[in-house]
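Residues in the sequence shown are numbered consecutively from 54, following this note's numbering. Here is the structure we will look at, set down as structure tokens.
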Amino acid sequence: MTGLQAGQGRNIVLTGFMGTGKTTIGRLLAERLGFGFVDTDAIIEEQHGPIHVIFAEQGEAAFRTIEQRVAVELADRHSLVIATGGRMMLDPTNVAALCRRGRIFCLVTSAADILERVTADSSRVERPLLAVDDPAQRIADLLDERAPFYRQFAQLSTHGHSPSAIADELAEWATVAPLEALIGADASGSDETGFDAVVGPAVFPLIREYAGAEAGVDGPLIIVTDEPSTSLVLAQCPTPDHLFTLSTAEDQNLDDAQSRGRVISAELRAAGVDASALVVSLGGRSACEIAAFVANDLPSSTVVHCPTDASLIPDGTTRPPLVVLDVAVLQSEATHGDLRGLVSQAMLHLEHR
């Protein structure tokens, strides 16, 4: 495998619930990386006035539209650390915009930590979502609601750690190249019995760079996925030249992979794609099998599998040449605060397939 880069110059986007330390840690991280720093809430207030007034006079929907405009404004800038509002990166439109030149990391902590931090905030920022009789319960409810979305990003817990320590950790993960390994090879180390893997945090936006470097393919990017159109994982990926989303029925009917693959190949040829394509399967086994057929049907093309859940890592019957594994797919309540541990866990998952 060739030596991969860590996406130098790409923006680092921080998401997470209010009170997780995005602004404080973001400023420290920017200093360590030599990047500029921006806070999307601060940009909004500078351009449109206090956020609580926007909520009161125009409503939350208007505020979310303003957030989308800010994401577009920042999309083409580089070498920035961007601290975002707590819900901004739950919108796939914003994720897609900021991942064009960025990688997203999610800061997390406990509900008790959040309540303590926001009530002790010396700036006394008004927080419209907590303007209720029981803010503690409101925080707990919102965390439960958002947890499945936040887990689609590489997470780092700020509980019990200083902002400086978290900034140091993030700086390392933002600059260190992902781990490369040959997985599942037999005792002889033969490539024919294993597959290459690239493992790291926030690697979905770098799929094209990593897979293209490994496979030596620089043609059109084709994504075959069983992820829904609202998926934050899909939104983090590079914009494909061609996107094929599988239905639930197709995902269940694995015997029909070749038929579906033939249809996709025919559509690609009709669109002028007949060779040297980078075919990425995003999701599970069905997407992997169909993508593999498409890549095999287009000369000089290659397939890369990007599982979106730990259970979807290829087994002995489905072995693509390359697996790109974002540690976000392995996150759980027990592991979300330890990126190093997640990479180790990822390697163990891969080794035992």
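A virtual CB, placed ideally from N, CA and C, is assigned to each residue, including glycine. Nothing here was measured: the structure is a model prediction, and the numbers come from that model.
Give the single residue among the options whose Cα lies nearest to the Cα of residue i.
| i | options | result |
| --- | --- | --- |
| VAL332 | ILE343, GLY325, ALA323 | ILE343 |
| ASP249 | VAL106, GLN111, PRO373 | PRO373 |
| ALA224 | VAL134, VAL256, ASP144 | VAL134 |
| VAL316 | ALA340, PRO291, VAL347 | VAL347 |
| PRO258 | GLU280, VAL286, THR278, GLU98 | VAL286 |
| PRO360 | LEU378, THR283, VAL326 | LEU378 |
| PRO254 | ILE276, PRO231, TYR263, ASP271 | PRO231 |
| THR228 | THR68, ALA83, LYS75 | ALA83 |
| LEU209 | LYS75, ARG63, ASP362 | LYS75 |
| LEU160 | GLN190, ASP194, GLU222 | GLU222 |
| PHE116 | ASP194, HIS101, VAL380 | HIS101 |
| ILE97 | SER300, LEU81, LEU375, THR118 | THR118 |
Taking the alpha-carbon positions, what's the residue i to residue j distance?
| i | j | result |
| --- | --- | --- |
| HIS295 | LEU274 | 7 angstroms |
| ALA114 | PRO145 | 15 angstroms |
| CYS152 | ALA200 | 20 angstroms |
| HIS131 | VAL106 | 31 angstroms |
| ASP304 | SER339 | Residue placement at ASP304 is flagged as unreliable, the pLDDT there being 49, under the threshold of 50; a coordinate-derived value is accordingly withheld. |
| ALA109 | ALA95 | 18 angstroms |
| SER284 | GLU99 | 31 angstroms |
| LEU67 | ASP327 | 39 angstroms |
| THR137 | GLY72 | 12 angstroms |
| GLU120 | THR93 | 8 angstroms |
| GLY62 | ASP309 | 43 angstroms |
| ILE276 | SER163 | 36 angstroms |
| ASP197 | LEU143 | 14 angstroms |
| TRP226 | ALA218 | 13 angstroms |
| ILE65 | ILE78 | 12 angstroms |
Which residues does DSSP pair with residue i in a beta bridge?
| i | result |
| --- | --- |
| PRO360 | GLY336 |
| LEU378 | VAL252 |
| VAL66 | ILE135, ILE157 |
| THR211 | Answer by DSSP bridge pairing: none, since THR211 is not bridged. |
| VAL123 | Answer is none; VAL123 lacks a bridge partner. |
| LEU232 | VAL252 |
| HIS295 | ILE275 |
| LEU331 | LEU274, THR355 |
In three-state terms, what does DSSP make of residue i?
| i | result |
| --- | --- |
| LEU351 | coil |
| GLU280 | coil |
| GLY112 | coil |
| ALA240 | Per-residue confidence for ALA240 stands at a pLDDT of 48, beneath the threshold of 50, marking its modelled position as unreliable; the derived number appears in the next sentence. Coil. |
| GLY325 | coil |
| SER312 | helix |
| PHE8 | Here the chain comprises residues numbered 54 to 406, so residue 8 is not present and cannot be evaluated. |
Any idea if residue i is buried or exposed, counting beta-carbon neighbours within 10 angstroms, 16 or more meaning buried?
| i | result |
| --- | --- |
| ALA240 | Low confidence applies here, because ALA240 scores a pLDDT of 48, under 50, leaving its location unreliable; read the following figure in that light. Burial call: exposed. |
| PRO103 | exposed |
| PRO293 | buried |
| GLY38 | Only positions 54 to 406 of the chain appear in this structure, which leaves residue 38 out of reach. |
| HIS358 | buried |
| VAL125 | exposed |
| GLN384 | buried |
| GLN20 | The displayed coordinates of the chain run from 54 to 406. Any statement about residue 20 would go beyond what the structure contains. |
| ILE112 | Ile is not the amino acid found at residue 112; the sequence shown has Gly there. By the 10 Å Cβ count, GLY112 comes out exposed. |
| GLU280 | buried |
| GLY89 | exposed |
| PRO352 | exposed |
| ALA323 | exposed |
| GLN289 | buried |
| GLY69 | buried |
| THR172 | exposed |
| ASP187 | exposed |
| ASP129 | exposed |
| ALA319 | exposed |
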